[in-house]
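*Asks:*
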Amino acid sequence: MSVELILRLEQRPESRPHMMSTSKRLASGLILLAAAGTAGLAGCQTTVGGQTLPSGYYLRDDVQYFPSGPEFLLYNTERAYQQRQEQQDLGDDADVQP
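For the sequence shown, this note's numbering assigns the number 1 to the initial residue and increments by one for each residue that follows.
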């Protein structure tokens, strides 16, 4: 082969894609494995449709207990208004009667 042909072959762009070296491939694989392992160990708690779905710590989570109460949320306020109205009605009746 002549020197000119060798120089032309060296200057020609590669027709095949550049292959990763073994160390880069190993490093990429280890990073991917570490990311997947971290995501699996972290545990993600999420809320879907009003339900809190468990995280990685759901077995150690404290249970919150809310006792059942009246369906009407302003029950105590309504009861206080009724008692006050009854007291006012009784007070007005006492003034009318001699």
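Where a beta carbon is used, it is the ideal one built from N, C-alpha and C, also for glycine.
For Leu41 and Asp62, what's the separation of their Cα atoms in angstroms?
*Replies:* Taking the sequence shown and counting its residues from 1, the one referred to as residue 41 is at position 41. Taking the sequence shown and counting its residues from 1, the one referred to as residue 62 is at position 62. When rounded, the distance between both Cα atoms is 20 angstroms.
*Asks:* Under a three-way DSSP split, which group does Leu30 fall into?
*Replies:* Residue numbering aside, residue 30 sits at position 30 when the sequence shown is read from its first letter. Residue state, collapsed to three classes: helix.
*Asks:* Put Val96 into one of helix, strand or coil per three-state DSSP.
*Replies:* Here the question's residue 96 lines up with position 96 in the sequence shown. Interpretation of Val96 is limited by its pLDDT of 49, a score under 50 that renders its predicted location unreliable; the figure taken from the coordinates is listed afterwards. Val96 falls in the helix class under three-state DSSP.
*Asks:* Let me know the secondary structure DSSP gives Gln51 once reduced to three states.
*Replies:* For the purposes of this step, residue 51 is taken as the residue at position 51 of the sequence shown. Strand at Gln51.
*Asks:* If you reduce the DSSP assignment to three classes, tell me which class Ala80 lands in.
*Replies:* In the sequence shown, the residue the question calls residue 80 occupies position 80. Of the three classes helix, strand and coil, the one that applies to Ala80 here is helix, per DSSP.
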